[in-house]
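Chemist: This structure is in structure tokens; I'll ask about it shortly.
Protein chains: 4
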Amino acid sequence: MSEIYTETGFEYDYVSIGRAKKARRTYGFDEISLVPNGNTLEIELCDTSWQIGGLNLSTPIIASAMDSVVSPDNAGVISENHALAVLNLQGIYTRYENYNEILDQIAASSREEYVSLMRKIYQEPIKDELIYAAVKKIKASGAVAAVALAPFNANRYAPILEEAGVDIIFVQVTVVGLEHHSLESKANANPETILDIKKFCSERSVPVILGNCTDYNVALKLMDTGISGLLIGIGPGAACTSRGVLGIGVPMATSIADCKAAQIEYFKQTGKYIPVIADGGMAVGGDICKAIACGADGVMIGSPFARTKEAPGRGFHWGMATPSPVLPRGTRIQVGTECTTKELLHGPAIYDDGSQNLVGALKTSMATLGAHTIKEMQEVEVIVAPGILTEGKVYQRAQKIGMAR
Amino acid sequence: MSEIYTETGFEYDYVSIGRAKKARRTYGFDEISLVPNGNTLEIELCDTSWQIGGLNLSTPIIASAMDSVVSPDNAGVISENHALAVLNLQGIYTRYENYNEILDQIAASSREEYVSLMRKIYQEPIKDELIYAAVKKIKASGAVAAVALAPFNANRYAPILEEAGVDIIFVQVTVVGLEHHSLESKANANPETILDIKKFCSERSVPVILGNCTDYNVALKLMDTGISGLLIGIGPGAACTSRGVLGIGVPMATSIADCKAAQIEYFKQTGKYIPVIADGGMAVGGDICKAIACGADGVMIGSPFARTKEAPGRGFHWGMATPSPVLPRGTRIQVGTECTTKELLHGPAIYDDGSQNLVGALKTSMATLGAHTIKEMQEVEVIVAPGILTEGKVYQRAQKIGMAR
Amino acid sequence: MSEIYTETGFEYDYVSIGRAKKARRTYGFDEISLVPNGNTLEIELCDTSWQIGGLNLSTPIIASAMDSVVSPDNAGVISENHALAVLNLQGIYTRYENYNEILDQIAASSREEYVSLMRKIYQEPIKDELIYAAVKKIKASGAVAAVALAPFNANRYAPILEEAGVDIIFVQVTVVGLEHHSLESKANANPETILDIKKFCSERSVPVILGNCTDYNVALKLMDTGISGLLIGIGPGAACTSRGVLGIGVPMATSIADCKAAQIEYFKQTGKYIPVIADGGMAVGGDICKAIACGADGVMIGSPFARTKEAPGRGFHWGMATPSPVLPRGTRIQVGTECTTKELLHGPAIYDDGSQNLVGALKTSMATLGAHTIKEMQEVEVIVAPGILTEGKVYQRAQKIGMAR
Amino acid sequence: MSEIYTETGFEYDYVSIGRAKKARRTYGFDEISLVPNGNTLEIELCDTSWQIGGLNLSTPIIASAMDSVVSPDNAGVISENHALAVLNLQGIYTRYENYNEILDQIAASSREEYVSLMRKIYQEPIKDELIYAAVKKIKASGAVAAVALAPFNANRYAPILEEAGVDIIFVQVTVVGLEHHSLESKANANPETILDIKKFCSERSVPVILGNCTDYNVALKLMDTGISGLLIGIGPGAACTSRGVLGIGVPMATSIADCKAAQIEYFKQTGKYIPVIADGGMAVGGDICKAIACGADGVMIGSPFARTKEAPGRGFHWGMATPSPVLPRGTRIQVGTECTTKELLHGPAIYDDGSQNLVGALKTSMATLGAHTIKEMQEVEVIVAPGILTEGKVYQRAQKIGMAR
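Chains as they are written, first to last, in this note's numbering: chain A, 7 to 411; chain B, 7 to 411; chain C, 7 to 411; chain D, 7 to 411.
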């Protein structure tokens, strides 16, 4: 069974779940692969630079706004290595001046203590002066000052951020909805906590990135609010358990390719190019290459940075900007501290599994696929090549670790 | 290969198994996911209430009629937490006055002893006075008195139940068939043990829920017997091994969506809305959300309740109302006692895997998907997004428990 | 991509492997499931009897002609329990008078010694008098005397078998081909070792069952040779590694449904009904039910019988009638001795995984599906419901053995 | 969704990843299986010989040009056993006279030391005299002297090779592109390091094999450069991690069937038959059979040879001709030393998993499928029969190793 939408791009593939429900077949990174087309390049010819909100960035890699990934202390080294670090403004850095002690406590807590400890830690209120100080500290390190906050406190903190010299603001929530417009008309709406994204963007002196979103139609409407970029992805990350808890999640390859179509359509209508950033679900260099091949302009990754020696997580990685007091979803993962930020991004890689030298991997992939630029990389051929665990693969894997036979 | 049925709803997807057999492609919860549509709600705006058989229930969660899940002792706490507890009338509670000693024996038995112990325990006959006492005890706890019995003894025990003040009767068998009508015409049929469901319903002073069923046509006919609700699902539960033993089983997403279509059709024909209840195969909050998104009005779950501190199973969960003396199918699972009934349903959750705070998970999912009510939740977009164990996911999973690399 | 064959039955589903190769999508038991249709029966109404070669058998279960499954000693108990035992005539029973000592050696050998031990054991020639004695012994036990031999020595041993009073002869080879006709025309063909199946059948006083085969066209032609039954299946068994070694293997559901179509077509043309027997790949009761639902009249199983206390394998099971001296394919599996032959076939089952009480499982499945007879069971609805190992199932499985969380 | 390409061969199957990206469904060896067609042969009638570059080879098996697979010392024994050994000219054999000491160091290094050790080892320059000596040594052993080098140093070393008496030259790089023509026109192009494959072939006195490639159009153009064979495959090998690191990889069944179509088309246009060689991803005999059934004329395998007692790897196998200094992709696998080269190719097999007696397996498969020659083997029926790890298979597998129940 197949229903055709031809307004933009390709048809969708529909199946019948049952008589009362049809569903579209979607795809994740594990199901796709990239195909060389007979043109290859020398790696020196590959240019990974892109622009977002007027900033020129030499790699498309963004470190997630998570407490275990970016702190005011490692934003500098991330920036020196040509990635963009985004600080989570609802986390411990804006609640505690002595945030390093808090990080020590989290790292030292047992699995059983963790959830209640986090609940306690996040009861401490956010403080304006710590927001100000965090931005100043990042600026002082020479890095681009990028921060993320939730829609409900964006209006309140934006002036402080601008005063401190912020360069770019991410407004990020699990699922950004179009209802942010409609809710404001409610009588009891508090104008300070409900965000009119159009108004918010128009009042800012710095670019605003909005997310997260997975849908073509939603993306198309959000692009018309004055934002400078859109974050794509719901629930695919290593530290995110939305699909189990809420039943919600859209595989990344499909999400990106849909929102890319919205970008193309919006550009056709307005001449404005709004970059789309794949957020979450990318663990290795190959995933980053696939995200861009599906249409992403940039990628936002958490767990790879959490594994660096400079990461604030002390070998741990945990999800969600602010843990829910009653429904914890992001889990804590022990990721270890495997390499420096420099090695993560530019190598040399110690391991051969794609977890290190991410920029080198992207450039090598581009060279192999004949893509000079990120834009050309977005046009390479994608195939469906399920990476399912077959008997053969289990055997090969067992061989690798010396267990087969 | 595809054959089209357009009487109701969508086409079916057929494939050729071989020249002499075609088969429809069906879907389970693990293969689907839910998609936000750009409208989000504050969680306080989400209403999970529904009606069945004249009862107003504030959550769609029903505790299964299994000995390890509901006893006369924990029905009260389940009810206080806004779920409906259904007592199994063919189990130990109506065979033994000292059922707690029996539960101790079951918990203490080894894996080898278990099957024969169960065979022995269930040889004790059911006693009318224990049925009466069980209903009275549940009523006294302030709970809705809901009980389940098999078709063959429904006529016999119904008057006792009504006398004791039962509120709702579930008539439940692995597969309820339309032949319950035709069998009665047999000469040697014992009117007391063979159930004419239409007659049975018409003679009752309380609503009757019937099950289980997975088929559109069967559902449509059963809805015309006077029942107040229909249970959907064959063999998907954690404690059920029907597919291995009998080769029988229909994935839940398809079963629900098919029976939902029957509900819609029956409502169109008669104006009567017969709620459909997904029964079995839901282990986490996300599964409950998916069941409702496929069309379920309510969900019946066993193993999550078996894990509560108030559960009669003492950390164990076992299947089947009455174990077969020769062909055991339900297995016994050690599930532990992880949380209180209150924490199971309303949190706070200790773990982040969706196994706790089920009502909170449902409301959060509804809020994220923009569904104000259960009816709106039934209309959200479903996608096919296989949750197969890929190499990437195995890696992520290994990372979570600190084993990767 | 889809190509249509409408001569008989349903279309095939074709996909493109690449520009130079198309392939049909085929299905195994793990991918299908059976669906109740709203008619259920009391188990006493289910009749599992069938006829083959003039024999009336009360269950469709046949014990494989493998040394670890059937010996002259346990054929009697298998027969008493209403299954058909087939003795392998190329195995140790016709090479050694003291075959029990040989069985002891096999059971005592280490994994490293096994392959060379088997090579040595099978160098001993087959002896006419041992063939004669084996058949006599089986007859004396009151069992139907069924034996299996390979095409190349069928002509040689058939007269001895008939003299000894054999009841039915299986001529079995991995893949039976139509070329058995054409080869005979070769000048150097040895008439005693090359089998003309038509001639062979016409000369026999007892029915001949031929196999194995998976293809519609081959089945159609083989049915016209005078055989009384056809064995279906290549390489699906637990002790068979053909797919890994040779790349060859056809999933059972598709094989059966294709050969069933040949049976239907041949019956239409000639009025003769040639039973088809599914051989291999069935580990539990559910698999047997699925085989019949795909069209099988009988099922031939090895490993379940190898697990019985009366089995000759002493807790081991090994494949292939005669191991190849240079290319071993059948492996040896330690299966244990879990139950008696009676428990295997008629229960009571000790475990709930479908591995015991196979006849009880078949009857319960037939009752649940409303099938009075094997013929009605062949008409039940089959669905595609992949039993792939999803994350959810891994979790449920872990729960069962008490490992989850 | 499906788009049709009818120029050559069958249609492609396309799906929609999302609105902005469509993708073709591709297939690997684990997803396919081979089907007997009713004609079987005696194994003695099966001829596995083929021709490439004027050489007559009696088996289609080629040992990969990897340091752990082929050395100047074991090329002889590989040749004696009728396989073709290809020496890697960029590896340690042309950098070190005392290469055996280097091999000892690699085998003795820990997992942590391995990557940096390899980096150091490969900094030693390649020496002309060692190239010369290696070819001479292979010739002296009586073997066909086949060597592999990268495009960038092919022009430089080819004259030395011809002087030493090389028989066949493989020019091999991860992805061979058509741009080797266009790059030469660049002003700063160094004629000695940039390979014009057409010119290179025309200047050679020996046949040239080129690779690797996966695409129909690329294959068609490369076949017109004067090469004598084409290597097919990107990233499928056991020691290759391209898909994880770069996101790149095309499943072998599809790659072969596509390039086979190019071969057919090129032959139709020119009358020249350019053999295609499947390279990588084949672990067992069944994989080799499938590769040929998809259209391969020969197969190049690494890890099976690395497990032989004569292999230079000392029980280890590692990928890539020359490890990248910054982005290691090929991993090191401990494969053990299980059998002799003779046993690997011609048996007798010790194990029954298809890892030994590869020529015997191929011949047995051909006999079972009725294929007299490699060309007939290329025409056998292929089916899609997913070898996914289902619950049933996990159970069977557990049984094999005595773990089930």
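Even for Gly, the Cβ is constructed at its ideal location relative to N, Cα and C.
Note that the structure is predicted; figures quoted are calculated from it, not measured.
Quick check: the region 300-307 of chain B against the region 57-69 of chain B, are at least 3 beta-carbon pairs closer than 8 Å?
Modeler: yes
Chemist: Report the residue from A299/D, K27/D, I238/D, M258/D whose alpha carbon sits nearest the alpha carbon of V386/A.
Modeler: Minimum Cα distance to V386/A is reached at K27/D.
Chemist: Beta carbons nearer than 7 Å to chain D: which residues of the region 36-53 of chain A have them?
Modeler: I38, S39, L40, V41, P42, N43, G44, N45, T46
Chemist: Given a cut-off of 8 Å on the beta-carbon distance, is the pair G325/A and D264/B in contact?
Modeler: no
Chemist: To the nearest angstrom, how far is it from the Cα of V388/C to the Cα of P165/C?
Modeler: 44 Å
Chemist: Among the candidates S371/A, V121/A, E169/A, F176/A, whose CA atom is the shortest distance from the CA of G353/B?
Modeler: V121/A
Chemist: Nearest-angstrom Cα distance between L90/B and S147/B?
Modeler: Cα-Cα distance, rounded: 13 Å.
Chemist: Using a Cβ-Cβ cut-off of 8 Å, state whether L351/D counts as contacting chain A.
Modeler: no
Chemist: Output yes if chain C places a C-beta closer than 8 Å to the C-beta of A26/B; else output no.
Modeler: yes
Chemist: Flag A367/A as yes if its beta-carbon sits less than 8 Å from any beta-carbon of chain D, otherwise no.
Modeler: yes
Chemist: What is the rounded straight-line gap between the Cα of E349/D and the Cα of S361/B?
Modeler: The alpha-carbon atoms of E349/D and S361/B are separated by roughly 53 Å.
Chemist: Go to H323/C, then tell me how far its beta strand (DSSP E) extends in each direction, as first and last residue.
Modeler: 322-324
Chemist: Less than 8 Å between C-beta atoms, sequence neighbours within five positions excluded: which residues of the same chain meet that for T100/D?
Modeler: I132, K133, L136, I137, A140
Chemist: Are the Cβ atoms of L351/B and G291/B separated by less than 8 Å?
Modeler: no
Chemist: Let me make sure I understand the geometry here. Which of E344/A, D293/A, A355/A has the alpha-carbon closest to that of G34/A?
Modeler: D293/A
Chemist: What residues in its chain sit with their C-beta under 7 Å from that of Q340/C, if we drop five residues either side in the sequence?
Modeler: G321, F322
Chemist: If you follow the beta strand (DSSP E) that K28/D is in, where does it begin and where does it stop?
Modeler: 27-31
Chemist: Which term fits H186/A, buried or exposed, when burial requires 16 or more other beta carbons within 10 angstroms of its beta carbon?
Modeler: Residue placement at H186/A is poorly supported in this model, since its pLDDT is 41, which falls under 50; the coordinates are not used for a value here.
Chemist: Quick one: is Y279/C near chain B, going by C-beta distance under 8 Å?
Modeler: So, not an interface residue.
Chemist: In three-state DSSP terms, what is M229/D?
Modeler: helix
Chemist: Do you know offhand how far K274/D's Cα is from L216/D's?
Modeler: 21 Å
Chemist: Is the region 112-121 of chain B close to the region 144-161 of chain B, with three or more CB pairs under 8 Å?
Modeler: no
Chemist: Would T54/D and A373/D qualify as a contact pair, given that the criterion is a beta-carbon distance under 8 Å?
Modeler: no
Chemist: Output the boundary residues of the alpha helix (DSSP H) element that contains G24/B.
Modeler: That residue, G24/B, is in no alpha helix (DSSP H); its beta strand (DSSP E) goes 20-24.
Chemist: Tell me the DSSP secondary structure of D134/D in three-state form.
Modeler: helix
Chemist: Could you check which residue in K381/C, I108/C, V251/C has the C-alpha nearest to that of S77/C?
Modeler: Nearest in C-alpha terms to S77/C, of all of K381/C, I108/C, V251/C, is I108/C.
Chemist: Give the interface partners of P131/B over in chain C, defined as CB-CB distance under 9 Å, in chain order.
Modeler: Ordered by position in chain C, no residue passes the 9 Å Cβ test against P131/B, which lies about 20 Å from the chain.
Chemist: Just checking: is the beta-carbon of I307/C within a distance shorter than 8 Å of some beta-carbon in chain B?
Modeler: When Cβ-Cβ separations below 8 Å define contact, I307/C makes no contact with chain B.
Chemist: Compare the Cα-Cα distances from P42/D to each of A299/D, T343/D, D358/D, K381/D and report the closest residue.
Modeler: A299/D
Chemist: What would DSSP say about G308/A, mapped onto helix, strand or coil?
Modeler: coil
Chemist: If we cut at 8 Å on Cβ distances, does S419/D have a partner in chain A?
Modeler: Residue 419/D is absent from the structure shown; chain D starts at 7 and stops at 411.
Chemist: Name the chain B residues that come within less than 9 Å of L223/A, Cβ to Cβ?
Modeler: Note on residue identity: the sequence assigns Asn, not Leu, to residue 223/A. N43, G44, listed in chain order.
Chemist: Just tell me which of I283/B, P257/B, M288/B has its CA closest to the CA of G253/A.
Modeler: M288/B
Chemist: For a test of the three-state rule: what should DSSP assign to N45/B, helix, strand or coil?
Modeler: Per DSSP, reduced to three states, the secondary structure at N45/B is coil, with no helix or strand assignment.
Chemist: Can you tell me the Cα-Cα spacing of S22/D and S261/A, whole angstroms?
Modeler: 12 Å
Chemist: Please confirm if L375/C has its CB atom under 8 Å from at least one CB of chain B.
Modeler: yes
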